[in-house]
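Read the structure below first, then the notes.
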Amino acid sequence: MADLLPGIVESGAEAQQLATGFGFTEGPLWHPDGYWLFVDIRASQVHRMTPEGTTEIFRDNSGGSNGLTFDTAGNLVLCEGDNRQISRRNADGSYTAIATHVDGKRINRPNDVVGRSDGSLYFTDPNGRLTQEERELDFSGVHRGLADRQPHHRHPRH
Numbered sequence: 407m408a409d410l411l412p413g414i415v416e417s418g419a420e421a422q423q424l425a426t427g428f429g430f431t432e433g434p435l436w437h438p439d440g441y442w443l444f445v446d447i448r449a450s451q452v453h454r455m456t457p458e459g460t461t462e463i464f465r466d467n468s469g470g471s472n473g474l475t476f477d478t479a480g481n482l483v484l485c486e487g488d489n490r491q492i493s494r495r496n497a498d499g500s501y502t503a504i505a506t507h508v509d510g511k512r513i514n515r516p517n518d519v520v521g522r523s524d525g526s527l528y529f530t531d532p533n534g535r536l537t538q539e540e541r542e543l544d545f546s547g548v549h550r551g552l553a554d555r556q557p558h559h560r561h562p563r564h
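Going by the numbering used here, the first residue of the sequence shown is number 407, and it counts up by one from there.
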């Protein structure tokens, strides 16, 4: 994979610091309207970075959000680790839980998510951030579901 990097990043390119003052940033996502979304897990906030480089809170009390993606309808999808769910931002700005269980058991603490063109959402669900008593799924896994149904496939790590 490293040999593919020159085709993506110009030779000699240097990283730039764009913003500071956050606790633990994750989940960068480019919005087609020309801005970045990213999360500060410790503050439980989703931030928006404007084209001018200013940041603002996009969603406060985000349930410990981490991974972000879009579904095929263009709705924002979030991994809410603290709330143990995957949620979708609706057109009116409200949020709906779209995945809370796998095979009838509550998911652990979803971490990252990616959407596929067929409407599938794949998300990672590590179990290491819960006590044994809190876990209903006894494995860390990758799950697949559709944006309108609970996940129905699981791929545990052995």
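Glycine included, each C-beta is placed from N, C-alpha and C at the ideal position.
{"Query": "Residues near R512 in its chain [Cβ-Cβ closer than 7 Å; skip 5 each side]", "Result": "R490, T506, E542"}
{"Query": "Cβ-Cβ separation, G433 to L474 (assumed contact under 8 Å), whole Å", "Result": "4 Å"}
{"Query": "Proximity winner among A449, E416, H453, D446, relative to L437 (alpha-carbon distances)", "Result": "The question names Leu, but residue 437 is His in the sequence shown. The option with the nearest alpha carbon to H437 is H453."}
{"Query": "Beta-bridge pairing of M455 - partner residues as DSSP gives them", "Result": "W442, T461"}
{"Query": "Closest Cα partner of G525 within the set H549, T478, D409", "Result": "T478"}
{"Query": "Contact belief for L393 with N517 at Cβ below 8 Å, rounded distance in angstroms", "Result": "No statement about residue 393 is possible, as the shown extent of the chain runs from 407 to 564 and does not include it."}
{"Query": "Boundaries (first-last residue) of the beta strand (DSSP E) holding E420", "Result": "No beta strand (DSSP E) contains E420, which DSSP labels as neither H nor E."}
{"Query": "CA nearest to the CA of D488, picked from A503, G480, L527", "Result": "A503"}
{"Query": "Endpoints, the beta strand (DSSP E) within which F529 is located", "Result": "526-531"}
{"Query": "Residues of its chain near A449, where Cβ-Cβ distance is below 8 Å and the 5 sequence neighbours each way are ignored", "Result": "F428, G429"}
{"Query": "Sequence-distant residues of its chain with Cβ nearer than 7 Å to H559 (five each side left out)", "Result": "No answer about H559 holds up, because its pLDDT of 47 lies below 50 and its placement is not dependable."}
{"Query": "Whole-angstrom distance between L411 and Q569, CA atom to CA atom", "Result": "Because the chain is modelled from 407 through 564, residue 569 falls outside the range shown and cannot be assessed."}
{"Query": "H564 versus T530: straight-line alpha-carbon distance, rounded", "Result": "In this prediction, H564 scores a pLDDT of 42, lower than 50, which makes its location untrustworthy; the coordinate-derived value is nonetheless stated afterwards. Distance between the alpha carbons of H564 and T530 is about 14 Å."}
{"Query": "Inter-residue spacing [alpha-carbon to alpha-carbon] between E540 and S493", "Result": "20 Å"}
{"Query": "Same chain, Cβ closer than 6 Å to R465, neighbours up to 5 away in sequence not counted", "Result": "V452"}
{"Query": "6 Å CB neighbourhood of L435 in its chain, flanking five on each side removed", "Result": "L443, L474"}
{"Query": "Beta-carbon gap between A425 and M455 smaller than 8 Å", "Result": "yes"}
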